[in-house]
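Numbering (this note's numbering), first residue to last: 2 to 982.
This is the structure we're talking about:
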């Protein structure tokens, strides 16, 4: 085999394409010559083919809930591997300072679990590996001496054996993940927590499987479980067995869906819906969300297998190559900036080079030639000769990469075609979202709308055909998406992004699960083959990208869908970093032309990396918070209704997570922080959207006058200027969604009368008085002081500004707390070991004071969150559209329920002695009517109605494309009727 040319193993031959039938009338051939301007002053043998567009001039343009995935019945990795550190809790050990950066730790070595700071509810934590019994300790020396001989003899590797430990914690301390002092018969922790059965697994040699390999250990533990079940059936109690409430090793099952809110008793009481009506709506939501979609390949196979289709679609790509990859990098890659831009540009260049040499060549023909044997690729060689291009190593690599990852390449094209820049007026310009998704008017093809006759003139349909073409290639040529490879992982990640843009969350989740499973296999295989620095960096980013995307979808789809299991493995790195390839603009050792390097660096957006790293930080905190509040076990056990939860746990946990979220906000770049915390009164925006929406639906309605249009321009102009980039907008959305979930338990406790009305009203009075004092103080600030403060905020002047110091979030300056002192809990927190303060492991010195502060923070967020919301973003199509819509519906339900509850309290205030006592001590608020006016400034009927009405417009706009939105629309309209009654 000639290694100097792109070839493939002659023994690997994919099946030949089936003969095409029903091709239709012959189509005109593509243009014989694609435009290829020369670079001024460049060597004709070393120019950049179609990328010459930018070498001399700028190219950077101004149905069932019981659905189970067939591949998810069993975890796809060895059991010992699944017992690694859970990334849901992994950050606990990282928030403390460490002399060795987590990025410097070996990739293949599991990180140790923290010994403190476990959440109050740890029902999904993975059980640590079995420790070595004391009677087996004498064998360790002999085993360590013979380890080398065993490896060289081909024995089981060390990865198959659990790591030996000198001491064994008791079963209770293992489960709680706390340090055990190993005292017999009861350890100190069990004595302190009054645990009666302090049992050490090492005391029972028949149940200590630490000396066995992973497979044998798993079999023995399953046998133990079967024996225990049989004994329970017989009415026997297994001696020294773990309590039935002991958590097992399984993925976390969360339940924080919209459906879970509909089941609240107060929602049913307030909305006037019976339990049967609510059950019916939940069933309809689930059936529409979880309805399996038909396989598109089955419907389109004949079309995508036609040679004429191959020529048509590839001529469209070749004619719009610059616009397509530019749209992808600007509108899609910014959401997951983990791809190698230079490699993708190289694939586009070599594709155009081949198409220019012979326009009749198609990707299947190229792949057939590539797989013919051990000789050089004839198409590659002839294309270089025809175009007068030199055979450079980077071109050989690009051609091989194109042939090895053709489905990935086609998905890049598909996403570039479907995605668009921010469109804020879709809801007032299109009848519905289907009309918008089909429009080419603002797509990357708008400047060249010449679509071949055999292809549909629809943006979504063209993108769908490209995605199906990619599936067709992956089925016919399996080597183009090799199993357990980064290419396969990225291909399915891009498919998931496509399905999210198409508003098909279940289809997107299926693709994400495949990516995550492939990632798990890839990490397992990578333990036995070293990766270079660049590959390791990409692996780290790929892992966190997979984890983030799966968990984001599971926030709504769980518990109806299974987890891939990626949550239960050891992360290759505790927190990702921007790769060196993105930071370093030039590489003198590479033969890649400088023009291509400069072009690729144009697409390296620091704000996109900033968004990605901030998303990971929020996701790590979110996942642990979900474990504390939203496990399905808590729903089953009605944890939120317990006295212990409402009296202590909820306040402790809200303080814990507010501190972490605010730590992330404090760590943000000052300009970004200013934008994401900027509050805007949306009432006028709602009015203008309503006018345009009414006109669109009723063409005979009166035209809005000039003053209305001018008001809208003045209102939006400042906000749009400060947006900086689409990525920063999503940081703002992430803060809102995370805090909405954090405060959901408080909303529930208020609705269920587990928080006294007087406590909440006292918080309202305190917040409003603080706001009035702040407004009076701000009147004395001079313009010079304000502008100076703004100018000193800084920006992304270098890559150091992009990196997020996740390990030391709690050490960031309390900028946010200075503006909102009610969220500064430092005086109410006490650590066991102050010198090693763990932000997740603390006690509240005064629960009453903490409760009062948390309620004031809650009221402040009732005022702030609606003003952080950006109404026009709801109709913009992006991969997070469905997620944003879902959170908007939840936020509207919150506001309606809270308004109804508080107004009910005010009506009953005459019979509430605590509230009367509170009013008697206030100078400005002496009656329930005065209190009602105060409450109206926090949450008013008009603001609730405006939000509900705008959300109804958005759901009406989306319901034809996104079926579950129809059910949400019925719920929102029902709440509007109740509010108007």
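From the three backbone atoms N, C-alpha and C, an ideal C-beta is built for every residue, glycine too.
Under the three-state reduction of DSSP, which class applies to residue i: helix, strand or coil?
{"i": "residue 255", "result": "strand"}
{"i": "residue 962", "result": "coil"}
{"i": "residue 940", "result": "coil"}
{"i": "residue 830", "result": "strand"}
{"i": "residue 403", "result": "helix"}
{"i": "residue 425", "result": "coil"}
{"i": "residue 750", "result": "helix"}
{"i": "residue 844", "result": "strand"}
{"i": "residue 669", "result": "coil"}
{"i": "residue 632", "result": "strand"}
{"i": "residue 265", "result": "coil"}
{"i": "residue 188", "result": "coil"}
{"i": "residue 455", "result": "coil"}
{"i": "residue 955", "result": "helix"}
{"i": "residue 479", "result": "helix"}
{"i": "residue 849", "result": "helix"}
{"i": "residue 889", "result": "helix"}
{"i": "residue 147", "result": "Its pLDDT being 45, under 50, residue 147 is placed unreliably by the model, and the measurement read from it follows with that caveat. Residue state, collapsed to three classes: coil."}
{"i": "residue 595", "result": "helix"}
{"i": "residue 392", "result": "coil"}
{"i": "residue 339", "result": "coil"}
{"i": "residue 870", "result": "coil"}
{"i": "residue 717", "result": "Any reading at residue 717 is ruled out, since the residue's pLDDT is 48, under 50, leaving its predicted position unreliable."}
{"i": "residue 382", "result": "helix"}
{"i": "residue 617", "result": "helix"}
{"i": "residue 878", "result": "coil"}
{"i": "residue 373", "result": "coil"}
{"i": "residue 640", "result": "helix"}
Pick from the options: whose alpha carbon is nearest that of residue i?
{"i": "residue 826", "options": "833, 813, 855 and 648", "result": "855"}
{"i": "residue 813", "options": "841, 831, 669 and 727", "result": "669"}
{"i": "residue 909", "options": "619, 759, 749 and 263", "result": "759"}
{"i": "residue 570", "options": "517, 577 and 579", "result": "517"}
{"i": "residue 496", "options": "270, 325 and 471", "result": "471"}
{"i": "residue 430", "options": "876, 883 and 512", "result": "876"}
{"i": "residue 352", "options": "308, 618 and 410", "result": "410"}
{"i": "residue 843", "options": "967, 660 and 882", "result": "660"}
{"i": "residue 639", "options": "753, 199 and 606", "result": "753"}
{"i": "residue 662", "options": "817, 484 and 276", "result": "817"}
{"i": "residue 412", "options": "650, 355, 499 and 437", "result": "499"}
{"i": "residue 395", "options": "597, 194 and 699", "result": "597"}
Assuming the contact rule is C-beta atoms closer than 8 Å, residue i and residue j should be a hit. Round their C-beta distance to whole Å, please.
{"i": "residue 852", "j": "residue 767", "result": "13 Å between Cβ atoms; not a contact."}
{"i": "residue 521", "j": "residue 566", "result": "6 Å"}
{"i": "residue 315", "j": "residue 363", "result": "6 Å"}
{"i": "residue 677", "j": "residue 732", "result": "5 Å"}
{"i": "residue 441", "j": "residue 450", "result": "6 Å"}
{"i": "residue 370", "j": "residue 379", "result": "6 Å"}
{"i": "residue 417", "j": "residue 326", "result": "6 Å"}
{"i": "residue 829", "j": "residue 657", "result": "That belief does not hold up - the Cβ atoms of residue 829 and residue 657 are roughly 12 Å apart, past 8 Å."}
{"i": "residue 423", "j": "residue 727", "result": "6 Å"}
{"i": "residue 311", "j": "residue 360", "result": "That belief does not hold up - the Cβ atoms of residue 311 and residue 360 are roughly 12 Å apart, past 8 Å."}
{"i": "residue 354", "j": "residue 592", "result": "Contact doesn't hold; Cβ gap of about 16 Å is too wide."}
{"i": "residue 319", "j": "residue 356", "result": "5 Å"}
Relative to the ligand ZN, is the shortest distance from any of its heavy atoms to the C-beta of residue i smaller than 8 Å?
{"i": "residue 449", "result": "In the structure shown, the ligand ZN is absent, as is every other ligand, since no ligand is present at all."}
Would the stretch 460-470 and the stretch 394-405 be scored as touching if the rule is three or more Cβ pairs under 8 Å? With a cut-off of 8 Å, the stretch 394-405 and the stretch 460-470 do not count as touching, because too few Cβ pairs lie within range.
Report the start-end ranges of each alpha helix (DSSP H) in the stretch 508-592 that is 4 residues or longer and not cut off at the edges. 534-558 and 581-584
Is there contact between the stretch 844-854 and the stretch 929-936, where contact requires at least three CB pairs shorter than 8 Å? no
Three or more beta-carbon pairs under 8 Å between the stretch 465-477 and the stretch 437-446, yes or no? no
Would you say the stretch 495-513 touches the stretch 530-538, given that touching needs at least three Cβ pairs under 8 Å? no
Would the stretch 602-612 and the stretch 634-645 be scored as touching if the rule is three or more Cβ pairs under 8 Å? Taking 8 Å as the limit for Cβ pairs, the verdict is that the stretch 634-645 does not touch the stretch 602-612.
Quick check: the stretch 966-977 against the stretch 891-899, are there 3 or more CB pairs under 8 Å? yes
Report yes or no: do three or more beta-carbon pairs, one from the stretch 962-970 and one from the stretch 283-294, lie closer than 8 Å? yes
Would you check if there are 3 or more beta carbon pairs closer than 8 Å linking the stretch 626-640 to the stretch 735-749? yes
Cβ contact (3+ pairs, closer than 8 Å) linking the stretch 940-952 and the stretch 262-274: Contact between the stretch 940-952 and the stretch 262-274 is absent, because fewer than three Cβ pairs lie under 8 Å.
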